[in-house]
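Down below is the structure, laid out as structure tokens.
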Amino acid sequence: MRKLYLILASVVAVAGLVVGVAAVHALRSSDVAESQSRASVIDTERLNVALASQGSVGDAQLLDCTLSETLPNFTVAWDGGPGERIFGATIDGKVHRVRPGSSYRDSVGGDDTVERENLAFEDKTANWRTVVLSVEVLNDFDPKADMPSEIEIVLWLDGATDPEVVLKGFQGQRIFAVLEDPGRLEPSSAYPVARNGALIGVVSDDGSLSLPGLDVYENVYMDGLTTLSAIEAAAEAPPTVLPLSTEKGYWERTDCS
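Under the numbering used here, think of the first position of the sequence shown as 17, with each following residue one higher.
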């Protein structure tokens, strides 16, 4: 009986050791998964460089002069009508997934119409492509809005931007973004990033943020709103309504610096 007891004790000890090793391995695997769920500092730096290197947004005539004008308490009244927001939404969110979107090559036909060819995402001849971010909305800065808690954001990239840098750089990040209403880019249910992809950036652990896609125009446009707390305070300011007229067939602003 003593021999049998020793055998059983040994079996139990070995089984306990296996379970213990498996548990430690599972914890280590969990730690690895946790550490890989958010882009590294280097990946974030590469992302910022890639966004800053995209096509300039400075030459276009744009309605918004500063970041504060993308918030829900700033509206434009066209030709005496009710105030309307310039963009669809402004959000603080957490990226849960980043995936390839679409890829295209545009050319001008003989009758000056744009011909668009749908390509494989990785095709090097693409003029432009998109990536799609699945985002949990943490704050939309608008107590009156009915923003979904989970949305998709579609980001336009020019053909020279390395999509892998963008896919890796946004993984697991907290972001700030100004968004158009869905429908301009595929998927049609996703919110395009405003100003052709320029108004999106990573939020640091201390709540600071930047919009590198604005490049040399960033400081003037952000106008001091470089933290989430500053943006929250700006969103709580009294409403501003800007009257604009299209009576002459066009609109213009003379109050932008």
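Idealized CB from N, CA, C, for every residue including glycine.
Check                                                                                                                                                                               : Outcome
Quick check: the Cα distance between residue 266 and residue 236, rounded to an integer number of angstroms?                                                                        : 25 Å
Buried or exposed: which applies to residue 80, given that a residue is buried once 16 or more other Cβ atoms fall within 10 Å of its Cβ?                                           : buried
Leaving aside the five residues before and after residue 256 along the sequence, list all residues of the same chain whose C-beta is less than 6 Å from its C-beta, in chain order. : 90
So residue 125 and residue 154 are supposed to be a Cβ contact under 8 Å. How far apart are they, rounded?                                                                          : About 45 Å; that fails the 8 Å criterion.
So, for residue 16: in the same chain, excluding its five sequence neighbours on each side, which residues have a beta-carbon less than 6 Å away from its beta-carbon?              : Nothing can be reported for residue 16, as the shown portion of the chain is limited to 17 through 273.
With three or more beta-carbon pairs closer than 8 Å as the criterion, would you say the segment 170-178 touches the segment 196-209?                                               : yes
Can you check DSSP and say which residues form a bridge with residue 208?                                                                                                           : 170
Going by DSSP, what residue range makes up the beta strand (DSSP E) through residue 184?                                                                                            : Not the beta strand (DSSP E): residue 184 falls in the alpha helix (DSSP H), residues 179-185.
Using 10 angstroms around the beta-carbon of residue 142, count the other beta-carbons present and answer buried if the total reaches 16, otherwise exposed.                        : buried
Between residue 54 and the rest of its own chain, which residues show a CB-CB distance below 8 Å, the 5 nearest in sequence each way excluded?                                      : 187, 188, 189
May I ask which residues mark the beginning and end of the beta strand (DSSP E) holding residue 132?                                                                                : 130-135
Which residues share a DSSP beta bridge with residue 152?                                                                                                                           : 110, 166
Excluding sequence positions up to five away, which residues of its chain have a Cβ less than 7 Å from the Cβ of residue 121?                                                       : 133, 135, 141, 142, 143
Between the Cα of residue 244 and the Cα atoms of 56, 59, 60, 107, which residue gives the shortest distance?                                                                       : 107
What's the C-alpha gap between residue 148 and residue 100?                                                                                                                         : 27 Å
Please look up how many angstroms separate the CB atoms of residue 198 and residue 210, rounded, as I've assumed it's under 8 Å.                                                    : So it is not a contact: roughly 12 Å between Cβ atoms.
Let's see if you can read the secondary structure: which residues bound the alpha helix (DSSP H) around residue 57?                                                                 : 57-68
Give me whichever residues DSSP pairs with residue 116 in a beta bridge.                                                                                                            : 147
Using the DSSP secondary-structure output, state which residues sit across from residue 157 in a beta bridge.                                                                       : DSSP, once it has assigned bridges, lists no residue as partnering residue 157.
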